[in-house]
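What follows is a short report on a single structure.
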Amino acid sequence: MEDSVRVENRHHPQPTFILFSRALTPERLDYALKEKKKNNPVISRNFKIKLYLCGIIAIRTHMTTTYRTTAINNRRYLGNKYRLLPFIQKVVAQNTDNIHIFADLFAGTGAVSSAFTDKQIITNDILYSNFLANYAWFGSEHYDSDKVIELIMTYNAIIVEQENYMSVTFGDTFFSRADCRIIGFIREDIEHKRSSGQINSRESAILITSLLYAMDRIANTCGHYDAFRQGVTFDRHIELSVPQASNDNHPRNACYNEDINVLAPRIEADLVYLDPPYNSRQYCDAYHVLENVARWQKPPVKGVARKMDRSGLKSAYCTTKATEAFRELIRAINARYILLSYNNMSKKGNERSNAKLTDADIMEILSGKGEVQVFCESYKAFTTGKSSISDNAERLFLCTCR
Ligand SMILES: C[S@@+](CC[C@H](N)C(=O)[O-])C[C@H]1O[C@@H](n2cnc3c(N)ncnc32)[C@H](O)[C@@H]1O
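Residue numbering for the sequence shown follows our numbering, starting at 182 and increasing by one per position.
Put into structure tokens, the structure is as follows:
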């Protein structure tokens, strides 16, 4: 995974403020920022008193005027195809023609779509956290990058002392209680700014994506959010980076957050790329904390890992219903090409990592739709447990539809 770079913030050469608060609320933060704009760079005595009355004590400081940036690949994600992009691009370039609309319907965090930004992109994922990431990276709505940078720098400077949903629910589990207070405050503030019209949907998606990336970077997990390590010292703290999202995306890009089998009949594309889950591991279980923060409905949680109710987020592709769901999906797809990623881990490793679709079923179902070619590339499997499996190959099944 590449590290993000630290760049000078040319937009904010002046000294800025750190805000401390005993009762920091989104409304009070707005007020402080407005006041800050009015009388920069010196905080007047009057201003200090006003902030104090608001429960905010502001101090002028030569705080860092730099911020980190982040790219789409700076996110760990189960089944991420980032390393396979050259292989996928080569197969598409050499075996298809006239691809203008590229639909990535099990998009995850959007790694594959990021290699096809010269085309109109359609993304979809059942997780709302992934929908937001895809909308942040590929949405066609214009966003104000100065506004996003300013908010991220402010968020990186706040200290929050009051408890909130995040700190009460997840304090000292995947994140320290202090980081949870900041995460909860930031998420609430983004919601407040979006509902009061201060930021648009794209700016909101970019800020939430930045928060989710920052959380994932410091999370105390054993790979994913099924469990956290007990008794650790939380030595990494939340710091948001600025997503380098483009304002030149294709104007007809579209992002969806639906079950693929419900969406597919309504989509028309030149090429539909499919990268379903391979095994019984549900993505909503592995990423429940991020999904919880993305949705921000503050639900009750259960168990040691503090999982919310995820019944509406379970995927048929992780169950014994996978073959039937896949058959129905292929029948519904409206495209000239279907490109399927499916590795050959079937019957290897442990029971949970056994593939849900057999090669025979894939071939039989795709052949009913058109002519099928299979392309292979070897890779090292990603496992979080002790089992290590060699001889894996990532396969691409290309169906040229009749
Ligand atoms: C293997 S991952 C995709 C990884 C992605 N290609 C990447 O490179 O990051 C499979 C994705 O499918 C999503 N998914 C699973 N079942 C789904 C369904 N029924 N409808 C839509 N998305 C689904 C999961 O949330 C997960 O993000």
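Cβ atoms here follow ideal geometry from the backbone N, Cα and C, with glycine treated the same way.
Given the structure is predicted, the values throughout are model-derived calculations rather than measurements.
Other residues of its chain near residue i: CB distance less than 7 Å, five sequence neighbours each side excluded
i: ALA467; result: LEU259, HIS405, TYR406, ASP407
i: ASN524; result: TYR459, ASN573, ALA574, GLU575, ARG576
i: ALA288; result: SER294, THR304, ASN305, ASP306, ASN311, ASN315
i: ASP542; result: THR504
i: ARG487; result: THR350, PHE351, THR354
i: ILE448; result: ALA284, ILE303, ASN515
i: CYS465; result: LEU308, GLU472, ARG491, LEU494, LYS495
i: ARG508; result: ILE546
Beta-carbon gap between residue i and residue j smaller than 8 Å
i: THR290; j: ARG256; result: yes
i: ILE302; j: SER294; result: yes
i: ILE399; j: VAL453; result: no
i: GLU366; j: LEU214; result: Reading the sequence as shown, one finds Phe at residue 366 and not Glu. Not in contact: PHE366 and LEU214 (Cβ atoms no closer than 8 Å).
i: GLU369; j: ASN401; result: no
i: ILE253; j: TYR324; result: no
i: VAL474; j: VAL329; result: no
i: THR390; j: ALA274; result: no
i: ILE364; j: LEU392; result: yes
i: PHE356; j: PHE268; result: no
i: ILE519; j: LEU538; result: no
i: LEU286; j: LEU494; result: no
i: ASP360; j: HIS431; result: no
i: VAL341; j: ARG358; result: no
i: MET347; j: TYR248; result: no
Sequence-distant residues of the same chain with beta carbon closer than 6 Å to residue i, five excluded per side
i: PHE297; result: PHE283
i: ARG375; result: SER385
i: ASP540; result: none
i: ARG583; result: GLY551
i: SER559; result: ALA574
i: ILE380; result: LYS374
Residues sharing a beta bridge with residue i, DSSP
i: LEU452; result: PHE283, TYR518
i: CYS580; result: ILE519, VAL553
i: ASN255; result: DSSP lists no partner for ASN255.
i: ALA435; result: ILE303
i: ALA338; result: According to DSSP, ALA338 bridges with nothing at all.
i: LYS488; result: LYS483
Cβ-heavy atom distance, residue i to ligand 1, below 7 Å
i: PRO424; result: no
i: VAL293; result: yes
i: ALA288; result: yes
i: LEU520; result: no
i: TYR464; result: yes
i: ASP451; result: no
i: ILE302; result: no
i: ASP397; result: no
i: SER461; result: no
i: ASN311; result: yes
i: PRO457; result: yes
Own chain partners of residue i with C-beta closer than 8 Å, once the 5 adjacent residues on each side are dropped
i: LEU510; result: ILE441, ASN442, ALA445, LEU455
i: ALA506; result: ASN442, ALA497, TYR498
i: VAL272; result: LEU520, PHE556, LEU577, LEU579
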